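In the numbering used here, the protein residues as written are 131 to 705.
Notes for the one structure printed next.
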């Protein structure tokens, strides 16, 4: 069974369950549509009775009773329309509640584009809008045409020809607009994603004068999308204009045929008027669907992208809560890399860190150090092998359970709109004592106090702009919040001065024995404060052991061949 002309996701997936629930509510909407479409015959029946009975009998009481009955039917019709509209609103709210959280979480955890959230909004808007009602009312067209046939076969012929012509116009509209709208959607999505990436690097773009070139590239994609939308809109407008003219002609045709039949005394004036109203009601949903076909195609494109990105995503299996880890970390034959690449950037990594040990990792750029860090905290799943935290695979831990027990400082630090305290507390319940302790440990306490509102200073688009060093220290405090048993720091001193570097060294000393700490760095001053030292080259461990033994070997190699020094340079995107 399909949905919007595309396959449906498996019922055992969150998207499949949300769609099943939405279709269940749509069936209720269709049930109310049954009575709504029956009650829309009120005006045509009333008109026919007035022409054929009231005017012929000149009966005032008959007119009064007919009018009261028609008014009651129309009041019921209005009430059912309200109920149907509210059902659609609730359908959209429930559909969003079931899927928006999943899409948001998977977008963040999988590094996917935020386009999925816009696709969800587009699909929800379609399911709650007027276009879905046109599709629900369209199946009634044959019934209305059948009613016209009951009034008179020749009138039915006119309605049938009109219905066939409108249906052919709908097919023409679909075929002529599908390709340009589909390609336009791809170009607009690519342009939006390009703009998002550019916005995150706005300072570098302005500093290096890249704005004209990037603007031209974005404009090319954007204009191509707009142009294709214009092509589709022009074609749809042409079809809609023909459909509108056809409907007016059909109204004239059925009235003309009806008048001729009245002259021949084969039907009454009431039948002539009623057939015109019934035919118009039957053809209206098809004409509305033609006019709103662009919305249907955009919803189908959005659904297709959601289906491709999330249709096979199973619900997270419930995991048994595990006790707070002590911090023992084991890599057992681990190979892995970015989820969107098949090639592993690290291979066959095996080592053990006892709880409370401090490990330093160094190596040249693109060696796989950041990949190792992401695997250690469970951000990326190993392609093979297993990463164990206190004996349990880190993939078996619920992220909500294990997250508070992990501190992570990525290379690219992002702080979120909110206060400094909220960012340090990871947007959970703010524990002032833990926030200050983490800030002191990161050497950020005095820096934060110098901000306009201290820990309550808002940061982000609506707040103050922080320097790179301030962001680095607040990011460190966030990693230290609650003194988690596993802390992974990727280039923690990259934006810090000598004072900040000393603060990192002091934090490592303070955490030794309390937490397992992994520090990726190049500076000997930082690496010298570790218990174990690992050298990574081309995704493999080439040296690992006590820092007192490994550090002299690195130093000798640097002296003998300076180009062998693991330099601190711009790393690759994923390593």
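For glycine and all other residues, C-beta sits at the position ideal for the given N, C-alpha and C.
This structure is a prediction, so every number in the text was calculated from the model and none was measured.
DSSP places residue 532 in the uninterrupted alpha helix (DSSP H) bounded by 529-532. Counting along the chain, the unbroken beta strand (DSSP E) around residue 673 starts and ends at 670-676.
In this model, residue 588 and residue 550 are separated by some 6 angstroms (Cα to Cα). By the Cβ neighbour-count rule, residue 270 is buried, with 16 or more other Cβ atoms within 10 Å of its own. A distance below 8 angstroms between beta-carbons, with the five flanking residues on each side excluded, links residue 517 to the following residues of its chain, in chain order: 459, 460, 461, 462, 464, 505, 506, 508, 523, 524 and 525. Take the alpha-carbon of residue 391 and the one of residue 352: they are about 57 angstroms apart. Per DSSP, the continuous beta strand (DSSP E) segment holding residue 463 begins and ends at 459-466.
Between the segment 608-625 and the segment 579-588, the count of C-beta pairs closer than 8 angstroms stays below three; the two stretches do not touch.
Every alpha helix (DSSP H) of 4 residues or more that sits fully in the segment 150-207 is shown, in chain order, as 172-179.
Within the DSSP secondary-structure output, residue 481 pairs in a beta bridge with 461. Under DSSP, residue 588 takes part in a beta bridge, and its partners are 549. Taking C-alpha positions only, residue 410 is separated from residue 246 by approximately 39 angstroms. Contact between residue 315 and residue 145 does not hold, since their C-beta atoms are separated by about 19 angstroms, which reaches or exceeds 8 angstroms.
Under the criterion of beta carbons closer than 8 angstroms, residue 632 and residue 571 do not qualify as touching, at roughly 13 angstroms.
According to the DSSP secondary-structure assignment, residue 619 is paired through a beta bridge with 539 and 649.
Closest option to residue 597, judged by alpha-carbon separation, among 304, 624 and 348: 624. In the structure shown, residue 600 falls within a helical segment according to DSSP collapsed to helix, strand and coil.
Following the DSSP letters along the chain, one finds residue 345 inside the alpha helix (DSSP H) bounded by residues 341-393.
Under the Cβ criterion (8 angstroms, minimum of three pairs), the segment 169-181 counts as touching the segment 203-217.
If you check the CB distance, residue 403 and residue 370 do not come in under 8 angstroms.
The alpha-carbon separation between residue 440 and residue 510 amounts to approximately 18 angstroms. Classified as exposed, residue 188 has fewer than 16 neighbouring CB atoms from the shown chains inside 10 Å of its CB. Within the DSSP secondary-structure output, residue 522 pairs in a beta bridge with 519. Take the alpha-carbon of residue 606 and the one of residue 622: they are about 7 angstroms apart.
Going by beta carbons, residue 233 and residue 221 fall outside the 8 angstroms limit. In the DSSP secondary-structure assignment, residue 428 is not bridged to any residue. Taking 8 angstroms as the cut-off, the beta carbon of residue 397 is found closer than this to the beta carbon of residue 388. Excluding five sequence positions before and after residue 567, none of the CB atoms of its chain fall closer than 7 angstroms to its own CB. Straight through space, the alpha carbons of residue 258 and residue 295 are spaced by roughly 28 angstroms.
As a beta-bridge residue in DSSP terms, residue 514 pairs with 465. In the three-state DSSP reduction, residue 660 falls in the coil class, being neither helix nor strand. C-alpha of residue 325 to C-alpha of residue 331: approximately 10 angstroms in a straight line. Around residue 298, the same chain offers no residue with a beta carbon nearer than 8 angstroms, after the five sequence neighbours per side are excluded. Closest in alpha carbon position to residue 210, among 493, 425 and 160, is 160. Under the DSSP assignment, residue 501 falls outside any beta strand (DSSP E), being part of the alpha helix (DSSP H) whose first and last residues are 499-507. Residue burial annotation: residue 554 is buried, with at least 16 other C-beta atoms found within 10 angstroms of its C-beta.
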